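Numbering (our numbering), first residue to last: 6 to 373.
Only one structure is covered here, and it is reproduced in the block below.
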Ligand SMILES: Nc1ncnc2c1ncn2[C@@H]1O[C@H](COP(=O)(O)OP(=O)(O)OP(=O)(O)O)[C@@H](O)[C@H]1O
Ligand SMILES: [Mg+2]
């Protein structure tokens, strides 16, 4: 089902939890709502569900305006962080429950619930009570129960936050499999960038109720639209440097005496720039390079070595080849290809240039 949000807003007293969001979600897409705590993700989901009615704007399902339509008439399934299963009912009866509420005949309800139990791979546990299941199994029951009425839209609010790290990984793959198997349109709320980037067709990044960027995971990482998007994604986080113009194409890095040069045309009119350098795009080299200084910290993360290099008041994090022999106190030069540099206007924090489109070569999941 295609969904359209038009200038959607939700105010609570003096807080604007959702601020003028316009976007479309295409039939069969899995879209993540990503952002820090309190940015309005759950409120947006509640507006989609109909449990909240917006204070401004409209929601369309296909071409039908549903803004004021009650939740039970919207044909949606919901899954929450707390699985909210009925403890006294068996797994099968939990899944059957929404059908019982619809007064669907018992035999049919049972066979549809069993079909869902098979889809989420808990049919062998159908007679157990929720307390006899692991967290991941309970979440599967909650997903089956949300899907049993054949909804057109599946809404998931941080469904994996109660699971341990390994199980989270497995269950997010399961959610993607189930979503694709039945081809349902889904909106998935998370504050975990890795979760959002790994399972979604598209990510809607929010901050303070506003939509910051709405793009594929690859584009969000490769071409962040503003300073917030650049800083929210990436682990270890992106480095920001503030620059002041010396002459056309030549800048000084604030807090250092380092001069840097660019060929990028779009930045020519700016007297001040903010640039973003991803740690994995910096390379330790022998000769003088983009920036250099004293190594003040070294640690191993995964297959890479993370170093911090200081020049003047500025520190830069870089992920370098572990074969390079460096000690704290050494001097290190860091090079970067200009096309990997992200340029922002410090006055607006908006992107003004740089960044390389996704070339399919770098495995995104290594750096989130
Ligand atoms: N029923 C409510 N009444 C008043 N304020 C609310 C209500 N629900 C949410 N808010 C406020 O709206 C803002 C957005 O809340 P929301 O729950 O949507 O954030 P979130 O992105 O889901 O955060 P989290 O990641 O912590 O779950 C917050 O400032 C919150 O305090
Ligand atoms: Mg929330």
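C-beta atoms are modelled at their ideal positions from N, C-alpha and C, and glycine is treated no differently.
Being a predicted model, the structure only gives us computed values, none of them experimental.
Through-space distance from residue j to residue i, alpha-carbon basis
i	j	result
residue 196	residue 330	37 Å
residue 307	residue 328	14 Å
residue 191	residue 345	33 Å
residue 320	residue 201	29 Å
residue 63	residue 250	45 Å
residue 257	residue 25	38 Å
residue 292	residue 261	19 Å
residue 111	residue 161	28 Å
residue 9	residue 300	50 Å
residue 119	residue 128	7 Å
residue 358	residue 281	11 Å
residue 16	residue 87	25 Å
residue 21	residue 210	16 Å
residue 29	residue 270	33 Å
residue 185	residue 207	14 Å
residue 374	residue 117	In the structure as shown, the chain begins at 6 and stops at 373. Residue 374 is therefore absent and cannot be evaluated.
residue 164	residue 85	5 Å
residue 187	residue 33	9 Å
residue 204	residue 35	8 Å
residue 373	residue 114	At residue 373 the pLDDT is 45, less than 50, meaning the model places this residue with poor confidence and gives no usable figure here.
residue 141	residue 98	18 Å
residue 14	residue 214	8 Å
residue 181	residue 37	12 Å
residue 125	residue 325	42 Å
residue 145	residue 102	15 Å
residue 193	residue 337	43 Å
residue 19	residue 79	29 Å
residue 60	residue 27	14 Å
residue 168	residue 43	21 Å
6 Å Cβ shell around residue i - same chain, five flanking residues per side excluded
i	result
residue 121	100, 149, 152 and 153
residue 247	259 and 279
residue 340	288, 290, 294 and 295
residue 123	none
residue 75	55
residue 323	284, 287, 312 and 339
residue 82	151, 152, 156 and 159
residue 2	Limits of the chain in this structure are 6 at one end and 373 at the other, which puts residue 2 out of reach.
residue 277	249 and 351
Sequence-distant residues of the same chain with beta carbon closer than 7 Å to residue i, five excluded per side
i	result
residue 136	92
residue 273	253
residue 133	95 and 96
residue 303	310, 312, 331 and 333
Residue i classed as buried or exposed, judged by whether at least 16 other C-beta atoms fall within 10 angstroms
i	result
residue 353	exposed
residue 297	buried
residue 46	buried
residue 366	For residue 366, the pLDDT reaches just 47, beneath the cut-off of 50, and the residue's location in the model is therefore unreliable, leaving the point undetermined.
residue 222	buried
residue 264	exposed
residue 356	buried
residue 49	buried
residue 368	Note that residue 368 scores a pLDDT of 48, beneath 50, so its modelled location is shaky and nothing firm can be said.
residue 360	buried
residue 212	buried
residue 40	buried
residue 77	exposed
residue 179	buried
residue 170	exposed
residue 89	exposed
Same chain, Cβ closer than 8 Å to residue i, neighbours up to 5 away in sequence not counted
i	result
residue 107	154
residue 58	52, 72 and 73
beta-carbon residue i near ligand 3 non-hydrogen atom, thresh 6 Å
i	result
residue 274	This structure lacks ligand 3; the ligands present are ligand 1 and ligand 2.
Q) When the Cβ atoms of the segment 305-319 are set against those of the segment 219-233, are three or more pairs found closer than 8 Å? A) Note that the segment 305-319 does not touch the segment 219-233; fewer than 3 beta-carbon pairs, one per stretch, sit closer than 8 Å.
(Q) Quick check on the contact list: which residues have their beta carbon closer than 7 Å to a heavy atom of ligand 2? (A) Per the Cβ criterion, the list is 46, 47, 162, 163 and 194.
(Q) Below 8 Å, how does it come out for the segment 212-222 and the segment 240-254: are there three or more Cβ pairs, yes or no? (A) Output reads no: the segment 240-254 does not touch the segment 212-222.
**Q.** Meets three-Cβ-pair contact criterion under 8 Å: the segment 7-22 and the segment 166-176
**A.** Three or more beta-carbon pairs separated by less than 8 Å are not found between the segment 7-22 and the segment 166-176, which leaves the two stretches without contact.
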